[in-house]
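Below is one structure, written out as structure tokens, with a few remarks after it.
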DNA sequence: AAATTATACTTTGATGTCAAACTAATGTCA
DNA sequence: TGACATTAGTTTGACATCAAAGTATAATTT
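Protein chains in written order, with my numbering: chain A, 62 to 212; chain B, 62 to 212.
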């Protein structure tokens, strides 16, 4: 038995992310949001938090390529969750805006977020959560410092 | 400022996974493995550890749909890393086997794994790592118990 | 033993994702 | 002001991914 990969934190991270995504999709389906994937949820959550954003800002916030965001946003437009509004100050850019329909999902959405966090962190003390989160920040920093890249 | 999402562990998990994948792809490119994505690496690592496996076993180990594994394996075959060997005991199934070429990458591969772990966990004590890993196990259990699903 | 059910893998179709090329608007600098 | 570079967003092409349907073999049941 090689010593290398146990405890295998990268694998654990990957599995957890998968579990999170599965949970989100399942719950979103339950509240009637069909044909929605986690990235769509990411976009909606981001807009719930920040209001209207340009595609570029969205792309940065959800950490996906601009072409990916174009595709995701256009799908959400087709499904009636978003509209685009021209940016008068810069004709190249457009604001992504939530529709009424999207806003009706705001509260259930936040509920899902909350209950996922509850499940995720159940039986962990506030202290534990803080420690865990600090470890995760540490890992991110480790990578960013290594690559000398900024975000 | 809403209280909800800070500290946002799901987001942290997702970002870290992305950083891990970026790191792996970059390093694999450096050692001359082109056109490789993390899933391919997953397959190779798994075979390095376990030797020959059937597609079904692989699919379980890397936690991806069997049709996905078919596609990934066939790409790796096309690129000369894998071959298929019939399972004489069950004509439905086939073993996925590493080629010589793949085996030449075994050591560099393990090096990359190791150095990634080193970077990831730099400046963390053995104790810290154990605690972190335990938290991650806890999170996985929280999800699995919630959904009453087995893995 | 024949019919049914289950299993291992492949194929197909849909979609998220990215990188690279493209378009249009803006900024810069000579 | 006019050439050049930069930027915001879209389009295109490649590919990972999954679910569902399809195919061939194995296991089970009657």
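The beta carbon of each residue, even a glycine, is placed where N, CA and C say it ideally should be.
When you compare the CB of residue i with every CB in chain B, is at least one pair closer than 9 Å?
i, result
"residue 146/A", "no"
"residue 159/A", "no"
"residue 97/A", "no"
"residue 138/A", "no"
Taking only beta-carbon positions, decide if residue i is within less than 9 Å of chain A.
i, result
"residue 68/B", "yes"
"residue 118/B", "no"
"residue 76/B", "yes"
"residue 104/B", "no"
"residue 108/B", "no"
"residue 153/B", "no"
"residue 211/B", "Unreliable positioning characterises residue 211/B in this predicted model, as indicated by a pLDDT of 36, which lies under 50. The coordinate reading is nonetheless provided below. It does not: the Cβ of residue 211/B has no partner Cβ on chain A nearer than 9 Å."
With burial defined as no fewer than 16 other Cβ atoms inside 10 Å of the residue's Cβ, what is the status of residue i: buried or exposed?
i, result
"residue 132/B", "exposed"
"residue 198/A", "exposed"
"residue 203/B", "buried"
"residue 112/B", "exposed"
"residue 154/A", "exposed"
"residue 184/A", "exposed"
"residue 98/A", "exposed"
"residue 102/A", "buried"
"residue 77/B", "buried"
"residue 174/A", "buried"
"residue 186/B", "exposed"
"residue 128/B", "exposed"
What residue from the options has the CA that sits closest to residue i's CA?
i, options, result
"residue 177/B", "76/B, 137/B, 74/B, 84/B", "84/B"
"residue 156/A", "165/A, 162/A, 146/A", "146/A"
"residue 206/B", "191/A, 181/A, 186/A", "181/A"
"residue 68/A", "194/B, 200/B, 107/B", "194/B"
"residue 135/B", "151/B, 159/B, 148/B", "159/B"
"residue 125/B", "75/A, 124/A, 87/A", "75/A"
"residue 150/B", "140/B, 115/B, 139/B, 97/B", "115/B"
"residue 171/A", "73/A, 72/A, 92/A, 78/A", "92/A"
"residue 167/A", "89/A, 79/A, 80/A, 82/A", "89/A"
"residue 164/A", "179/A, 152/A, 190/A, 143/A", "143/A"
"residue 139/A", "148/A, 162/A, 123/A, 152/A", "162/A"
"residue 106/B", "122/B, 71/B, 96/B, 179/B", "122/B"
"residue 71/A", "82/B, 200/B, 196/B", "82/B"
"residue 191/A", "191/B, 196/B, 188/B", "196/B"
"residue 109/A", "200/A, 130/A, 117/A, 169/A", "169/A"
Q) Any residues in the stretch 170-185 of chain A with a beta carbon nearer than 8 Å to a beta carbon of chain B? Which ones, in chain order? A) Look at the stretch 170-185 of chain A: the residues with a C-beta under 8 Å from a C-beta of chain B are 171, 174, 175, 177, 178, 180, 181, 182, 183, 184, 185.
Q: Note down, one range per segment and in chain order, each beta strand (DSSP E) of at least 3 residues found wholly within the stretch 76-147 of chain A.
A: 143-147
Q | Residues from the stretch 186-208 of chain B in contact with chain A, defined by Cβ distance under 9 Å | A | 189, 190, 191, 192, 193, 194, 195, 196, 197, 198, 199, 200, 201, 203, 204, 205, 206, 207, 208
**Q.** alpha helix (DSSP H) segments (min. 4 residues) lying fully within the stretch 156-191 of chain B
**A.** With a minimum length of 4 residues, the continuous alpha helix (DSSP H) runs that stay inside the stretch 156-191 of chain B are 161-165, 167-181.
(Q) Counting only Cβ-Cβ distances shorter than 7 Å, please list the residues of the stretch 78-92 of chain B near chain A, keeping chain order. (A) 78, 79, 80, 81, 84
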